[in-house]
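Under full-length UniProt numbering, the first residue of the sequence shown is numbered 1, with each subsequent residue one higher. Note that the Cβ used here is the ideal one computed from N, Cα and C, for glycine as well. Okay, structure first, notes after.
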Amino acid sequence: MAVSTEAGFHVLAVDDSLIDRKLIERLLKTSSFQVTTVESGSKALEFLGLRKDHRSISPCSPDHHEIAVNMVITDYCMPGMSGYDLLKKIKESATLKDIPVVIMSSENVPSRINRCLEEGAEEFLLKPVKLSDVNRLRPHILKGKCKEQKQGNSDIDDVLSTGSSKKRKVMDEGFPVERKRPKNLKQPWH
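Pasting the structure below:
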């Protein structure tokens with residue numbers, strides 16, 4: 001697994017071919033993306049925090065990474081788990097379903113392309129992937145990043161509303177007349 005930390009948008013690239021992984025990594029880095037590469041669908045699931053059997057990996061597990069992924073780009077034909085199977089597992093996950101997934105293949109098979117797009121893939125790219133293909137991905141990554149930020153804002157709103165309700169309760173009930181005073185103070189503390 002290779003990790004680059006150049007920019008704010010993070011792409012997980014999955015391909016069983018070392019040459020194709022290096023090519024997509026270089027293209028993504030040229031477009032200023034942070035890139036992690038893995039060689040299989042199962043390694044991708046581990047990186048994302050899922051096991052093959054859909055169980056979550058605990059955050060303290062060595063297989064779980066705290067790096068937020070904004071997009072997954074995966075080869076279609078891989079041994080073990082195909083890119084289509086990886087796409088399905090990501091879209092079935094409550095925590096990962098909003099991550100955009102792009103499928104790549106060297107074979108132009110319309111039924112395969114349609115099946116992937118119907119399952120939720122954002123794009124289907126034909127290999128060899130070119131810089132112009134990577135540039136088309138930016139809106140999908142931004143869409144994933146916006147959803148992530150909206151969720152973060154929702155979490156902040158929850159915290160703020162909890163704090164506000166506690167303050168409101170104190171205001172309604174009033175402050176205690178005398179608070180506990182430290183033992184070294186002789187006079188009441190108001």
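Inset, instruction - Note down the Cα distance separating Ile67 from Pro110, rounded to an integer number of angstroms. - result: Here residue 67 refers to the residue found at position 67 when the sequence shown is read from its first residue. Here residue 110 refers to the residue found at position 110 when the sequence shown is read from its first residue. Each residue's Cα considered, the two are about 34 Å apart.
Legend entry - Delimiting residues of the alpha helix (DSSP H) encompassing Ile103: Mapped onto the sequence shown, residue 103 falls at position 103. Premise fails: Ile103 lies in the beta strand (DSSP E), 101-105, not in any alpha helix (DSSP H).
Inset, instruction - Give me the Cα-Cα distance between Ala121 and Asn135, rounded to the nearest whole angstrom. - result: Translated into the one-based positions of the sequence shown, residue 121 becomes position 121. Translated into the one-based positions of the sequence shown, residue 135 becomes position 135. If you take the alpha carbons of Ala121 and Asn135, they lie about 17 Å apart.
Inset, instruction - Could you say if the region 12-23 and the region 75-93 meet the contact criterion of at least three C-beta pairs nearer than 8 Å? - result: yes
Legend entry - Rounded separation between Gly8 and Gly80 - CA only: Counted from its first residue, the sequence shown places residue 8 at position 8. Counted from its first residue, the sequence shown places residue 80 at position 80. Using only the alpha carbons, I get a separation of about 31 Å.
Legend entry - Of the residues Ile90, Tyr84, Gln34, the one placed nearest Glu46, counting alpha carbons only: Taking the sequence shown and counting its residues from 1, one reaches residue 46 at position 46. For the residues Ile90, Tyr84, Gln34, the minimum Cα distance to Glu46 belongs to Ile90.
Legend entry - alpha helix (DSSP H) runs wholly inside the UniProt domain "Response regulatory" (10-142), at least 4 long, in chain order: 18-30, 41-48, 83-92, 110-119, 131-135
Legend entry - Spatial neighbours of Thr5 in its chain, beta-carbon cut-off 8 Å, leaving aside the 5 residues before and after: As a working mapping, residue 5 is identified with position 5 in the sequence shown. The pLDDT assigned to Thr5 is 41, lower than 50, so where the model puts this residue is not dependable; a value taken from the coordinates is nonetheless given after this. Here the set comprises Gln34.
Inset, instruction - Alpha carbon to alpha carbon, how far is Ala94 from Leu48? Give it in angstroms, no decimals. - result: Within the sequence shown, residue 48 is the residue found at index 48, counting from 1. Within the sequence shown, residue 94 is the residue found at index 94, counting from 1. Using only the alpha carbons, I get a separation of about 12 Å.
Inset, instruction - Could you check the C-alpha separation between Thr37 and Leu117 for me, to the nearest Å? - result: The count along the sequence shown starts at 1 and reaches residue 37 at position 37. The count along the sequence shown starts at 1 and reaches residue 117 at position 117. Rounded to whole angstroms, Thr37 to Leu117 spans 23 Å at the Cα level.
Inset, instruction - Could you check the C-alpha separation between Lys130 and Met104 for me, to the nearest Å? - result: In the sequence shown, the residue the question calls residue 130 occupies position 130. In the sequence shown, the residue the question calls residue 104 occupies position 104. One C-alpha to the other measures close to 11 Å.
Inset, instruction - In angstroms with no decimal places, state the Cα-to-Cα distance between Val14 and Ser82. - result: Numbered from 1 along the sequence shown, position 14 holds the residue referred to as residue 14. Numbered from 1 along the sequence shown, position 82 holds the residue referred to as residue 82. Within the model, the alpha-carbon separation for Val14 versus Ser82 is close to 10 Å.
Legend entry - Sub-8 Å separation of Val11 and Asn70 beta-carbons: For the purposes of this step, residue 11 is taken as the residue at position 11 of the sequence shown. For the purposes of this step, residue 70 is taken as the residue at position 70 of the sequence shown. Against a cut-off of 8 Å, the Cβ pair of Asn70 and Val11 comes out as a contact.
Inset, instruction - Select from Asp98, Leu86, Arg26 the residue whose C-alpha is nearest the C-alpha of His140. - result: Counting from 1 along the sequence shown, the entry for residue 140 is found at position 140. Answer by Cα proximity: Asp98.
Legend entry - Contact belief for Leu125 with Asp133 at Cβ below 8 Å, rounded distance in angstroms: For this step, residue 125 is matched to residue 125 along the sequence shown. For this step, residue 133 is matched to residue 133 along the sequence shown. Confirmed, about 5 Å.
Inset, instruction - Output the distance between the C-alpha atoms of Tyr84 and Leu50, rounded to the nearest integer angstrom. - result: Locating residue 84 in the sequence shown gives position 84, where the first residue counts as 1. Locating residue 50 in the sequence shown gives position 50, where the first residue counts as 1. Cα-Cα distance, rounded: 16 Å.
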